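What follows is a set of notes on a single structure, which appears directly below.
Chains as they are written, first to last, in the numbering used here: chain A, 367 to 734; chain B, 367 to 734.
Structure representation (structure tokens):
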């Protein structure tokens, strides 16, 4: 039994958020549902695929408390198709467990199932806690998660590392061929580390907004919890020791150049036209005092290109898998970037002109 | 051998057009290519999947004439990735049949193959010819092709009928359960009829622009040719007798109502939430003097809705497959539409408030 009303826009937004944690098709049918509960002055919705769970609360005018589980796709479609008016949405569950949804002239009637077996979000007890702006977490994930490994051999590399030391946070993605590091200062006085699964990190990008509101992040040995003003997300964390990413780029620079990001991105992208998984080709950068010449050759053909740079150090020839360069350049916002090299067999490093807000490290391909 | 230069934007646009006729994967490898030819002052490109062929000409500065066939995907990617400058594109085929493409600092080098076996566009000789504005053909196809059948049992119904009688053209799509008719006046003095395959009609939507420029359409027993100022498209036509679409809506009206298109679309769409292929449910319209009540029931649940109308005639209950109503309403631009009914077992007709620019006829579902 349940009887309540709430704002249509609040409800639509809450459904959109929690359904991101509902698996599309699963052998465990209870997970395809959305848990709903009318509590004192609030309506609660939960989606949980056991790897990631999302819970939302919205204000509600509750006449009779109650809870149930509804079919996620049906409930979500019905709510999204409600008339676009300012009318409130009435919801009622009768003694036969039928859910009635009413808004204006539109009336839906669905059966519900027992909510008893629905897995509620893990509690994340005894954890450490820190806070960050919503938009900042979103940006740091976006600029590192692309570099995460999709191969399961090294599970830790399929996740994004959150490494907090006092007031410095590093967020890191790495697949063994490249490392993407994003660094920021936050208000915090303790140390903590956790690895968020890459898949869930990508879902978080869709859930987190662009606001300056603080998100509370709590971590224990098994789970991490993100609490925004709109919802709670709990994700499993990946167990294991992450690689020592700070020592990867410790080589002495012998060559450094500044270049327009668009220019180098377009040149490498052009060369990549003739590189695919099968051809396993690389792109050769011939760096001299004023320009970089690009050379790429595969069974499909040849591509040459050239762009001007602002260089310091010794000329060098160095080769890369173009995919790693392209993905790094695409995930940077700056117009100009700085590339540093040590030898043709040590990693290249991409940084901002000033500081180390991001550090992208890319292994070269050895050439004869 | 070939040596020429042309404008980069012209070339990019031409490649985008002809590649729509290149099949993605085909057992006949020659069809995966684009035919290129440098002629007197012009560069010609052709894509042809034998069902639909597209040919473009662009102005070119030709030093040495020549022709070849290039791999469609490689050529198209290379052209689209050329530097975004005002520089001309140079193309040259050397004595080893390698194609060199140069624009600014970017240089591509691909092998080509013999163009001998490439199938040129059919000539469409001895055909009848008429002319129409580009944007009008596009609009008429868009508003009828959605109703075409996707089932191969009746091949004529998988195509869009073009029926020209003197200065009246009707474009018609029909799948046996609904008919979509678009009617316009054009300047023409002869009669002709042809059925354009639905698949090619959809490709034409992407090729035709929104301009008022005239397109010359020529038809013979096998093919139809559309000639715009930019290119030539030749499509196979479907053989067979089309149904007599003009007699389908000849019933006497007993009920007629005017309604806001958005209102009825949203109501029916809401009801369709609980209708899928498996449930085979229908939506029941209970039409009275001032409003339509919507009722829909399936194993998934129940939906009710209601909207106001401006009605003349006798009240009626009539049921439909919601999909046919929704697709018709979505393809109309008008804010208000007129629906006419005769009996609960004869087709309903959707028309503009004035005239018969479009006539959408939909068979009802028989209810007990």
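For glycine and all other residues, C-beta sits at the position ideal for the given N, C-alpha and C. A quick note: this is a predicted structure, and the numbers were derived from the prediction, not measured.
Per DSSP, the continuous alpha helix (DSSP H) segment holding residue 445 of chain B begins and ends at 438-446. The beta-bridge partner set that DSSP reports for residue 732 of chain B is empty.
For residue 425 of chain A, the enclosing beta strand (DSSP E) stretches over residues 418-430. With respect to chain B, the C-beta atom of residue 636 of chain A has a partner C-beta closer than 9 Å. Under the DSSP definition of a beta bridge, residue 529 of chain B partners with B:536, B:559.
Ranked by Cα distance from residue 472 of chain B, the options A:639, A:716, A:711 are led by A:639. Per DSSP, the beta bridge partners of residue 683 of chain B are B:652. Within the segment 654-721 of chain A, the alpha helix (DSSP H) runs of at least 4 residues that lie entirely inside it are, in chain order, 688-696. Contact between residue 561 of chain A and residue 525 of chain A holds, with the beta-carbon distance rounding to 4 Å and staying under 8 Å. The Cβ of residue 443 of chain A sits closer than 9 Å to at least one Cβ of chain B. Within 10 angstroms of the beta-carbon of residue 419 of chain B lie 16 or more other beta-carbons, which makes it buried.
Residue 595 of chain A carries a coil assignment under DSSP once its states are collapsed to helix, strand and coil.
The C-beta of residue 656 of chain B has fewer than 16 other C-beta atoms within 10 Å across all chains shown, which makes the residue exposed. Contact note: residue 617 of chain B does not reach chain A at a C-beta cutoff of 8 Å; the least C-beta distance is about 30 Å.
Within chain A, 437, 440, 476, 477 have C-beta atoms less than 9 Å from the C-beta of residue 666 of chain B, given in sequence order. Counting only runs of 3+ residues, the beta strand (DSSP E) found wholly inside the segment 616-653 of chain B occupies 621-626, 649-653, in chain order.
Residue 376 of chain B: member of the alpha helix (DSSP H) spanning 374-384, first to last residue.
Rounded to whole angstroms, the gap between the alpha carbons of residue 498 of chain A and residue 373 of chain A is 29 Å. Looking at the DSSP output, residue 464 of chain B bridges to B:477. In the three-state reduction of the DSSP assignment, residue 610 of chain B falls in the coil class, being assigned neither a helical nor a strand state. Sorting B:630, B:384, B:591 by C-alpha distance to the C-alpha of residue 490 of chain B places B:591 at the top. Residue 619 of chain A and residue 648 of chain A have their C-alpha atoms spaced approximately 23 Å apart. The segment 593-611 of chain A and the segment 419-431 of chain B do not touch, with fewer than three beta-carbon pairs separated by less than 8 Å. Residue 653 of chain B and residue 455 of chain A have their C-alpha atoms some 26 Å from each other. At a cut-off of 9 Å between C-beta atoms, residue 484 of chain B does not count as an interface residue with respect to chain A.
By the Cβ neighbour-count rule, residue 532 of chain A is exposed, with fewer than 16 other Cβ atoms within 10 Å of its own. Around residue 371 of chain B, no beta-carbon contact reaches into chain A at under 8 Å, the shortest distance being about 18 Å. Residue 639 of chain A reaches chain B at 440, 443, 444, 447, 474, counting residues in chain order whose Cβ is nearer than 8 Å. Of the candidates A:512, A:548, A:596, A:580, the residue whose Cα lies closest to the Cα of residue 566 of chain A is A:512. Between residue 547 of chain B and residue 496 of chain B, the gap from beta carbon to beta carbon reaches 9 Å or more.
Under a criterion of Cβ atoms nearer than 9 Å, the residues of chain A adjacent to residue 673 of chain B are, in order, 471. Taking each of A:693, A:658, A:695 in turn and checking the Cα distance to residue 678 of chain A, the smallest one comes out for A:658. Contact between the segment 397-417 of chain B and the segment 623-638 of chain B is not established, with fewer than three Cβ pairs separated by less than 8 Å. Closer than 9 Å to the CB of residue 669 of chain A there is at least one CB belonging to chain B.
With fewer than three CB-CB distances shorter than 8 Å, the segment 390-409 of chain A does not count as touching the segment 569-577 of chain A. Non-local beta-carbon contacts of residue 724 of chain B in its own chain, meaning distances under 8 Å to residues more than five positions away in sequence, involve 509, 546, 547, 548, 549, 698, 716, 717, 718 in chain order.
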